[in-house]
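Under this note's numbering, the first residue of the sequence shown is numbered 1, with each subsequent residue one higher.
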Amino acid sequence: MTKKLLLLFLFLFLSCKETNQAPPVKEETRQVQSFYQEAPTITPDDIEEIDNEERRTYHIDNQYKYKYRTGKQDYYEYNYDIISKDSLGNEVRGNVNVRGKYGAGKITNTNGVEKDIYVQWIRYGVLKGTDEDKKEYEFVVE
């Protein structure tokens, strides 16, 4: 039995080789692939038209404040008509698409000037928005 163990250790000892080389370096870098597919960011131009993907999931429910809803569960995009007043007290109206807490759309003032707006929910039925001129508004969902 001891002869077998000695032969085994001798074999293991002689089969080990010392290397002075560094491990090979991979030249190409790989990106980690995620199983989570993030939906594209909402832009003000999204309210202009509904694409084929949205058309298939288009849903209207008059019980809620949104005009319509598109998307799949956990990735819904809602469309709202909004109203506010500017710093001079003039009425500003618009339409926005919102996904989760954030969204974007277009607003029109009483002079008919249209601007892009980016919004976020601050409480139920109320959105805080910033237009392209960095003016802030507090919108109420109609």
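C-beta: ideal position from N, C-alpha, C; glycine also.
Quick caveat, the model's predicted, so the values are computed rather than measured.
Kindly identify the DSSP beta-bridge partner or partners of Ile-83. Arg-93 and Val-140
State the CB to CB distance for the pair Asn-90 and Thr-110, rounded to an integer number of angstroms; the pair is presumed to be in contact (CB under 8 Å). 5 Å
6 Å CB neighbourhood of Phe-139 in its chain, flanking five on each side removed: Ile-82, Ser-84, Leu-127 and Gly-129
Quick one: what does DSSP say Glu-54 is sitting in, helix, strand or coil? helix
What are the start and end residues of the beta strand (DSSP E) that includes Thr-70? 68 to 70
When you compare only the Cα positions, how much space is there between Asn-20 and Leu-10? 23 Å
To the nearest angstrom, report how far apart Tyr-102 and Ile-122 are at their CA atoms. 10 Å
Counting C-beta neighbours from all protein chains within 10 Å, is the total for Asp-46 16 or more, i.e. buried, or is it exposed? buried
If we call anything under 9 Å between Cβ atoms a contact, is Tyr-137 one with Asp-131? yes
For Ile-60, I'd like the list of residues in its chain whose CB is within less than 6 Å of its CB, leaving aside the five on either flank, ordered along the chain. Tyr-68
Would Thr-70 and Tyr-76 be called neighbours here (beta carbons separated by less than 9 Å)? yes
In the structure shown, what three-state DSSP assignment does Thr-43 receive? coil
Using only CA atoms, which one of Leu-7, Lys-106 and Lys-4 lies nearest to Asp-133? Lys-106
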